[in-house]
Structures are given as C-alpha cells and as structure tokens.
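See structure below.
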Amino acid sequence: MHGAMARRSLAFRRKPADGVSALVEFRDASYRIGTREILKGLTLQVEAGETLVLLGRSGSGKTTALKMVNGLLFPSAGQVLVDGTPTTAWEPVRLKRRIGYVIQDIGLFPHYTVAQNVGLVPQLENWDAPRIRARVSTLLGQVGLDPEQFAGRYPRQLSGGQRQRVGVARALAADPSVLLFDEPFGAVDPVTRLDLQKQFLALRRDLGKTSIFVTHDVREALMLASRIALLRDGALELVAPPREFLDAIGAEAQAFLACLDWKADWQ
Amino acid sequence: MNAGLAGEIGQLTIEHLTLVSIAMAIAIAIAVPAGILITRRAGWRPWVVGFANVMQTIPSLALFGFLIPVPLIGGIGKRTAVVALVLYALLPILRNTMVGILGVDAAVRESAVAMGMTGRQLLWRVEMPLAARTILAGIRVATVTTIGTATIAAAIGGGGLGVFIFRGIASVDSTQILAGAVPAACIALAADAALGWVERRWTE
C-alpha cells in the first residue's frame, strides 16, 4: 500500500524545467554498519530549487541519507549522484565546498569571529579579502544580523538563535548549489525556532536554493517543504507535497500527523 | 658568599639553562608530532603513551644510570643528560597534545570537514589553535619538572646546578647545596610564570 502511495506521489510531482535534471539523486542507496541496515535502497530525486524534507523518527536513517550527499558517508550499495556524478567520483573537498551544511550543534569555530566563520569557505577558495568582506556583509544581512554589530563578535557572545543564523550564513558563503540542514533548529526555544523557520522561507524565496532538510518535527516539515519524504526504519515510506501529506493514510504518516492534533492530547 | 662562588653559580646556571633548553626543544619536536599522530592512529595510542609513561616511572637517578652503557646516546656527559631529560619530558607534552586535539568539539570538527577543509587545514586552522592552550600547559609542566630533574644530570657528568648539590652532599656543606638548589628553584618559578603568561596571552 505504501509503495503504491509513493508512486502516486511521484506521479504528481511537478516536472523540473526543461533541461534541468535532478541536482541530487539517490539511486537505490543503502548504508550498512556491520549487519545493521541503516538505509535500505533509497531512491529519490531532489530537483533544482525545491526544499525536500526528510522526515522520520530518530534512527530512521534520515541523517545518514543527508551525510551521503556531501560525502561524509558513502553508500554501501547503490549510488548518490550530485549534478549527475556519483559522490564516489567527486574529488572529496570539491564536493563538500559546493554543498552548504548546517547542523543542530552548528559547529561554529569558537576561535574565529563571526566574520571569519562566515568567510571561511571563500577564504579556503582563495577569494581576495575585499570580496570576502563584502560577501560576509551581504550574508549577515540576509540572515537578519547587522554586520556592523555582529561581524567582530565571537560565537560565545551570541544567543542560540544568532549562532544558528551565523551557521546558515556560513553555509551560504561560497554560493553552494545545494544546502543540507540536519535538524538545524532543534536546539532553540520554540519562539526563536519560528523566527528561524520564517527566515528560512524568506531566504528560499530570495535565493531559490535547493535544500535537503532533515527533521523529526512534522509541523516544521509541513511549513518548509516543497516535498516531504517520509522515512521509516531506513526505508522510504512515501514522498508527497505537504498538502498531500496531510491526507496520507499510511500508518507512519498517520503517526506523525497525530502529533499535530494537540487538542486531542489536551482534553 | 665570595666572588669565586658567585662566578661559578653564573656559569653553572647558564649550563643548566642550556641543558634544559636543548632537552625541551627536542622533547617538543618529538612529543607534539607524536601526540598529533596518535590522534590519527588510535591503535598506536596505548603503545606510544605507554612508552612515555614507562619512561616517567623510572626513578630519575636510575634512568641517568641506565643510559651510561647505551651506545651512541649513552656514556658520561651532557649528551646522555639531554637524552634522559627528553625521555622525562615526553609524557606531559604527548598526553596534553593528544587530549587537546581529541577534546575539540565533534560538531566543530564535523563542520570543518563538511566545509571542505583538507586534513592539514583541519589540523592547523582548527585543531591546533583550539588545543594550543592544553598543549602549552603540558609544555609548562614538562619544563618546570625538567629544570628540577636536570640537577641530577651532574651525577653522570652532565654539569649544571646539580654540580653544587652533589658536591655539597659529598662534603656535607649546606652552602654548596643551597648554591645549586636556590637558583634551580628560581629558574623553575620564573619559567612557570613566563609560560603561564604565554598560555594566557595565546588564548585571549
């Protein structure tokens, strides 16, 4: 039944513009540690400009799938293609610099200022100093931080929400073609989280970046996704745009949708 | 205190400082790279740390003695003294280098890799700066203990302020013992303060 649903959703998928192929493609990609299958034959395409949300419980394999895109992990079987080339054939450093990466713990460099953190990849790419400075200013503005005020600060002088914004700016720095988000807003308070989610939508509207976004929060998935890919125990349950996801009848989708029904819990 | 003693204190102090400086330079040149290496090769860790550990557990006078019959690095004199001091200084530097690097936040390391840093960039731009304070603390401990241990070098003809101490013990002359011990203690305190200052400057 789930398989049929997945196919139906795929059929409904908006076709990409002419000549634009999938930016990221999972081809029957599996990941195994010993005998444990963390990801089971994932087949999925991510097209230019969309935000694909990988939704699933802890241990469903969503983070593993994400890490296979920028070559932090490689599939044990199958392939992951970025721009039509398997990740195994990419030069590792080149692949990673083409892809922005934001994680929940952010991982800002504590010994670098905000400006140095954001300007790191451009610096690794040997941009000249004025160009890096200009880029950093633009980016900080785009994520809602005043460059004058924040460029010289160290990460420890920032709030959790501000750090997360810096993390996003850093991921955008070298104008990557794909952005990966691994539960980026999981560790901030709900009010700040909503702010960050709105910021994310605004950025997507302005920049039109392709994003793959991992979350276990169904509300976040519905808010941010062009399409939701639901994972369960390492297998793809269904792929659907948010509106269709709301009507999904599979058990796992229902389990997630039940999380939205706060009134039922309250009464 | 006569002029002859003052002159000898000056000369032996310089000798002592030379012994310690050479030994520390060599110890740092060995222990820091070895410490980095064992963060990359977890399998080597128990062997390398174990070796440094064993070196440190040998009583210092015995270690100097053991080295005398060893060809090339052994014998009587300064060279043997330096070798023994190096073996002593390895552990704190080695261990702190390892701990400092392994202590770098996993999220920081992961994002450095994900941003496309090469192994070398990860080491020099992220791991070493963040571990610097811990490594310096190890160097500081090693330096202070080496200054003290170097007094024993005199037992095998290595010179330094220990010459006074051994002479004082042999002739039951506490003036001679103090002439060696007081300057050695002063050097140790000065080195501790100086390296402490560097440590603070480095990270702030």
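Protein chains in written order, with my numbering: chain H, 2 to 268; chain X, 59 to 262.
For glycine and all other residues, C-beta sits at the position ideal for the given N, C-alpha and C.
Where residue i meets chain X, residues with beta-carbon distance less than 8 Å
{"i": "residue 71 of chain H", "result": "172"}
{"i": "residue 97 of chain H", "result": "171, 172, 173, 174"}
{"i": "residue 121 of chain H", "result": "173"}
{"i": "residue 125 of chain H", "result": "173, 174, 175, 179"}
N-terminal and C-terminal residue of the beta strand (DSSP E) that residue i is part of
{"i": "residue 227 of chain H", "result": "Residue 227 of chain H -> no beta strand (DSSP E), and no H or E assigned at all."}
{"i": "residue 220 of chain X", "result": "Looking at the DSSP string, residue 220 of chain X is not in any beta strand (DSSP E); the run it does join, the alpha helix (DSSP H), is 220-228."}
{"i": "residue 46 of chain H", "result": "37-47"}
{"i": "residue 169 of chain X", "result": "From DSSP, residue 169 of chain X is part of no beta strand (DSSP E) but of the alpha helix (DSSP H) over 164-172."}
{"i": "residue 105 of chain H", "result": "It is not in any beta strand (DSSP E) - residue 105 of chain H carries neither H nor E in the DSSP assignment."}
{"i": "residue 214 of chain H", "result": "211-216"}
{"i": "residue 54 of chain H", "result": "52-57"}
Under 7 Å by beta carbon: chain H residues contacting residue i
{"i": "residue 165 of chain X", "result": "104, 106, 107, 108"}
{"i": "residue 169 of chain X", "result": "102, 104, 108"}
{"i": "residue 184 of chain X", "result": "110"}
Distance, residue j Cα to residue i Cα
{"i": "residue 71 of chain X", "j": "residue 238 of chain X", "result": "9 Å"}
{"i": "residue 18 of chain H", "j": "residue 48 of chain H", "result": "Confidence in residue 18 of chain H is poor, its pLDDT being 43 and thus under 50, which makes the residue's placement unreliable; the coordinate value appears in the next sentence. Those two C-alpha atoms are separated by around 9 Å."}
{"i": "residue 86 of chain X", "j": "residue 85 of chain H", "result": "48 Å"}
{"i": "residue 166 of chain X", "j": "residue 188 of chain X", "result": "10 Å"}
{"i": "residue 247 of chain X", "j": "residue 199 of chain X", "result": "11 Å"}
{"i": "residue 69 of chain H", "j": "residue 211 of chain H", "result": "16 Å"}
{"i": "residue 82 of chain H", "j": "residue 36 of chain H", "result": "25 Å"}
{"i": "residue 74 of chain H", "j": "residue 65 of chain H", "result": "7 Å"}
{"i": "residue 10 of chain H", "j": "residue 38 of chain H", "result": "Any reading at residue 10 of chain H must be qualified, since the residue scores a pLDDT of 43, below 50, and its modelled position is unreliable; the value itself is stated next. Those two C-alpha atoms are separated by around 25 Å."}
{"i": "residue 120 of chain H", "j": "residue 219 of chain X", "result": "53 Å"}
{"i": "residue 197 of chain X", "j": "residue 144 of chain X", "result": "12 Å"}
{"i": "residue 133 of chain X", "j": "residue 250 of chain X", "result": "31 Å"}
{"i": "residue 202 of chain X", "j": "residue 103 of chain X", "result": "25 Å"}
{"i": "residue 228 of chain X", "j": "residue 177 of chain X", "result": "56 Å"}
{"i": "residue 217 of chain H", "j": "residue 44 of chain H", "result": "20 Å"}
{"i": "residue 30 of chain H", "j": "residue 123 of chain H", "result": "31 Å"}
Span of the alpha helix (DSSP H), counted from its first residue to its last, around residue i
{"i": "residue 146 of chain X", "result": "136-160"}
{"i": "residue 33 of chain H", "result": "Not the alpha helix (DSSP H): residue 33 of chain H falls in the beta strand (DSSP E), residues 25-34."}
{"i": "residue 121 of chain X", "result": "118-125"}
{"i": "residue 143 of chain H", "result": "130-143"}
{"i": "residue 245 of chain H", "result": "243-246"}
{"i": "residue 160 of chain H", "result": "Neither: residue 160 of chain H is in no alpha helix (DSSP H) and is coded neither H nor E."}
{"i": "residue 207 of chain X", "result": "186-207"}
{"i": "residue 182 of chain H", "result": "Per DSSP, residue 182 of chain H belongs to no alpha helix (DSSP H); it is in the beta strand (DSSP E), 179-183."}
{"i": "residue 67 of chain H", "result": "63-68"}
{"i": "residue 108 of chain X", "result": "103-115"}
{"i": "residue 122 of chain H", "result": "121-125"}
{"i": "residue 208 of chain H", "result": "191-208"}
Whole-number beta carbon distance between residue j and residue i, since they are thought to touch under 8 Å
{"i": "residue 181 of chain H", "j": "residue 100 of chain H", "result": "6 Å"}
{"i": "residue 185 of chain X", "j": "residue 171 of chain X", "result": "The Cβ separation is near 11 Å, so there is no contact."}
{"i": "residue 100 of chain X", "j": "residue 204 of chain X", "result": "Actually they are not in contact, since the Cβ atoms of residue 100 of chain X and residue 204 of chain X sit about 29 Å apart, beyond 8 Å."}
{"i": "residue 115 of chain X", "j": "residue 216 of chain X", "result": "That pair is no contact at about 21 Å."}
{"i": "residue 25 of chain H", "j": "residue 179 of chain H", "result": "6 Å"}
{"i": "residue 105 of chain H", "j": "residue 187 of chain H", "result": "5 Å"}
{"i": "residue 63 of chain H", "j": "residue 53 of chain H", "result": "About 11 Å; that fails the 8 Å criterion."}
Distance cut-off 7 Å: residue i Cβ against heavy atoms of the ligand ZN
{"i": "residue 47 of chain H", "result": "With respect to the ligand ZN, the structure shown offers nothing to examine, as it has no ligands at all."}
Contact list for residue i against chain H, beta-carbon separation under 8 Å
{"i": "residue 187 of chain X", "result": "112"}
Beta-carbon neighbours of residue i, restricted to chain X and to distances below 7 Å
{"i": "residue 94 of chain H", "result": "174, 176"}
{"i": "residue 173 of chain H", "result": "What residue 173 of chain H touches in chain X: nothing, since even the nearest Cβ is about 12 Å away."}
Within-8 Å CB hit, residue i to chain B
{"i": "residue 190 of chain H", "result": "The chain inventory of the structure shown lacks chain B, comprising the protein chains H and X."}
Quiz item: Any chance the region 141-159 of chain X sits against the region 185-198 of chain X, with 3 or more Cβ pairs inside 8 Å?
Solution: The region 141-159 of chain X is in contact with the region 185-198 of chain X.
Self-check item: the region 211-222 of chain X contacting the region 160-171 of chain H, beta-carbon criterion three pairs below 8 Å
Solution: Fewer than three Cβ pairs drawn from the region 211-222 of chain X and the region 160-171 of chain H lie within less than 8 Å of each other, which leaves the two stretches out of contact.
Self-check item: Three CB pairs or more closer than 8 Å across the region 142-162 of chain H and the region 109-120 of chain H
Solution: Taking 8 Å as the limit for Cβ pairs, the verdict is that the region 109-120 of chain H does touch the region 142-162 of chain H.
Quiz item: Are the region 243-262 of chain H and the region 221-231 of chain H in contact at 8 Å, needing three or more beta carbon pairs?
Solution: Yes, the region 243-262 of chain H touches the region 221-231 of chain H.
Quiz item: At a cut of 8 Å, does the region 95-114 of chain X reach the region 135-149 of chain X through at least three beta carbon pairs?
Solution: Yes, they touch.
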